[in-house]
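Its first residue numbered 219, the sequence shown is counted upward by one per residue in my numbering.
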Amino acid sequence: MIDKNLYYNTLREPLRLPEYGRHVQEMVNYVKTIPNKEERNRLAAVIIQIMANFTPYVKDTPEHKAKLWNQLAQISNYELDIDYPVPIYKTEDFKLKRKKIPYPTKNTQLKHYGNISELLVQKLSSLPDTPEKQQMLIDLANHMKKQYLLYNKEAVSDEQILSDIRLMSKNNEMQLPEVKLNETRDILYKNKKNNNIKKNNKRK
């Protein structure tokens, strides 16, 4: 049960991410007070599920998950001590990077994958090889293939996607999964279907 004094204090502090409302911030503040880290980890995962429900129309992708975990850290003012499953970047870090690097230096050939995909690849590259890591790489590769086809309607081979992952990782020794990714025609069909749904919703 949330302590009344804690509830009173949270009423006075500004919302760090107003789109999630007061209740989510109260829950995060409460989890910060729990001494047991395993319990904090468990409740943080519950809060992530609640936050995901605010945008049910957004697909459950690695990029979206990473965004939610970073938003959770931001709501906690980066004071929530848990085992984050993704890299956490403070808003100030991005501001400093923009000041230091006035012009983009990233490979423009990979820009259609998005910055989050590159960060996830580099994070996975540093982890030991496990079945869980290989499954995450497969999920990420399928997501990147979808992003590629949103940017370029021409067919792309699985080998090209995996080659781009290796390029992003900057690790030639990185072990990549030997699996067949989602079919190009299926991805293009789903992309077209989603676009039609969006157009129909705009007309209503």
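We treat Cβ as the ideally placed atom computed from N, Cα and C, and that holds for glycine.
So, helix, strand or coil for residue i, using DSSP?
| i | result |
| --- | --- |
| M392 | coil |
| N247 | helix |
| R240 | helix |
| N259 | helix |
| D357 | helix |
| S344 | coil |
| K308 | coil |
| V374 | coil |
| L337 | helix |
| N288 | helix |
| Y366 | helix |
| P274 | coil |
| Y296 | coil |
Use the C-beta contact count for residue i: other C-beta atoms within 10 angstroms, 16 or more gives buried, fewer gives exposed.
| i | result |
| --- | --- |
| S387 | buried |
| K308 | exposed |
| Q267 | exposed |
| E281 | buried |
| Y275 | exposed |
| Q378 | exposed |
| A263 | exposed |
| L342 | buried |
| Q353 | exposed |
| N247 | buried |
Under 8 Å Cβ to Cβ from residue i, same chain only, skipping five residues before and after it: list those, please.
| i | result |
| --- | --- |
| N288 | V304, I306 and Y307 |
| L233 | G239, R240 and Q243 |
| K255 | D299, I300 and D301 |
Suppose contacts are defined by Cβ-Cβ distances below 9 Å. Is residue i in contact with residue j by that definition?
| i | j | result |
| --- | --- | --- |
| E336 | L328 | yes |
| K371 | L298 | no |
| L423 | L406 | Outside the shown range of the chain (219 to 422) lies residue 423, about which nothing can therefore be said. |
| T273 | H361 | no |
Considering only the alpha carbon of each residue, which of the options lies closest to residue i?
| i | options | result |
| --- | --- | --- |
| M245 | L290, H361, E281 and H282 | L290 |
| K364 | D404, L286, T348 and E377 | D404 |
| R240 | I265, V397 and T348 | I265 |
| Y331 | D382, E231 and D376 | D382 |
| L338 | A270, A284 and L233 | A284 |
| N424 | H361, Q340 and P349 | Residue coverage of the chain in this structure runs from 219 to 422, which leaves residue 424 outside it and unanswerable. |
| Q393 | A270, E350 and H361 | E350 |
| T348 | P395, E231 and K408 | P395 |
| E231 | E391, N295 and K408 | N295 |
Spatial neighbours of residue i within its chain, please: C-beta separation below 6 Å, excluding the five flanking residues on both sides.
| i | result |
| --- | --- |
| T402 | A373 |
| I252 | R258 |
| D376 | L399 |
| I334 | E281 and A284 |
| N271 | none |
Which same chain residues, not among the five before or five after residue i, have their C-beta less than 7 Å away from its C-beta?
| i | result |
| --- | --- |
| N259 | I300 and D301 |
| L235 | Q289, Q292 and I293 |
| V397 | I356 |
Consider the Cβ of residue i: report whether some Cβ of chain C lies at a distance smaller than 9 Å.
| i | result |
| --- | --- |
| Q243 | Annotation note: the requested chain C is absent from the structure, which comprises a single protein chain. |
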